[in-house]
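Participant: Quick one: structure below, then a few questions.
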Amino acid sequence: MQIIDYKSNGNRKKFAETIGIAQQSINRLFNIDNRTKKYPVATTDMLIAITEMFVDINARWLLTGDGKMLQVDNLQENQLTYNLIQEIKDLSAENALLKKENSELVKNK
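Numbering (my numbering), first residue to last: 1 to 109.
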C-alpha cells in the first residue's frame, strides 16, 4: 500500500494501469483469504512489473521489507551528506556571529 500511496496517491486503479496488472489482482492483496486466513502474496509478475516501472523502488525492500522503500544511489547520498555538512557549517558560523553581536549589545546596554 505504501507504493500505491506514494506512486498513485492511493489510487489502486491508476497504479494497476501503470504497472500493467489487472486491478482485481492488486485489490486481492488487501483482502484476507478466507481459506488461509492470511493476506495473499504478490505474484512474481507484480513484483517484476513494479521494479521495472519504478526504478527508484528498492527491490530488496519490496521483497523482504528490509531497508527503505526508496533507493538512493551512493553518489546522491554522498551529495546530500555533503550539502548537509555545508549547511551545518554555514549555520554554525552564522550562530557564532550572532552570539558575538548579542554579547556586544548586552555589553553596551
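Idealized CB from N, CA, C, for every residue including glycine.
What does the Cβ neighbour count give for residue 21, buried or exposed, with the cut at 16 atoms within 10 Å?
Facilitator: In the sequence shown, residue 21 corresponds to position 21, counting from 1. By the 10 Å Cβ count, residue 21 comes out buried.
Participant: Would you kindly work out how many angstroms separate the C-alpha atoms of residue 89 and residue 106, rounded to a whole number?
Facilitator: Locating residue 89 in the sequence shown gives position 89, counting from the first residue. Locating residue 106 in the sequence shown gives position 106, counting from the first residue. Approximately 26 Å between the Cα atoms of the pair.
Participant: Hey, residue 58 and residue 79 are a contact pair by Cβ (cut 8 Å); roughly how many whole angstroms apart?
Facilitator: One-based indexing of the sequence shown puts residue 58 at position 58. One-based indexing of the sequence shown puts residue 79 at position 79. At roughly 19 Å, the Cβ-Cβ gap does not stay under 8 Å, so residue 58 and residue 79 are not in contact.
Participant: Does residue 13 come out as helix, strand or coil in the three-state DSSP assignment?
Facilitator: Within the sequence shown, residue 13 is the residue found at index 13, counting from 1. Correct three-state label for residue 13: helix.
Participant: Specify whether the stretch 95-105 and the stretch 31-44 touch according to this definition: at least 3 beta carbon pairs, one from each stretch, less than 8 Å apart.
Facilitator: No: the two stretches stay apart, fewer than three of their Cβ pairs being nearer than 8 Å.
Participant: Helix, strand or coil: which one does DSSP assign to residue 56?
Facilitator: Residue numbering aside, residue 56 sits at position 56 when the sequence shown is read from its first letter. Three-state result, residue 56: coil.
Participant: Look at residue 47 and residue 62 and say whether their C-beta atoms are less than 8 Å apart.
Facilitator: Translated into positions along the sequence shown, residue 47 becomes position 47. Translated into positions along the sequence shown, residue 62 becomes position 62. It is a contact, given that the beta carbons lie within the stated cut-off.
Participant: Which first and last residues belong to the alpha helix (DSSP H) in which residue 7 is found?
Facilitator: Counted from its first residue, the sequence shown places residue 7 at position 7. Where residue 7 is concerned, the enclosing alpha helix (DSSP H) stretches over 2-8.
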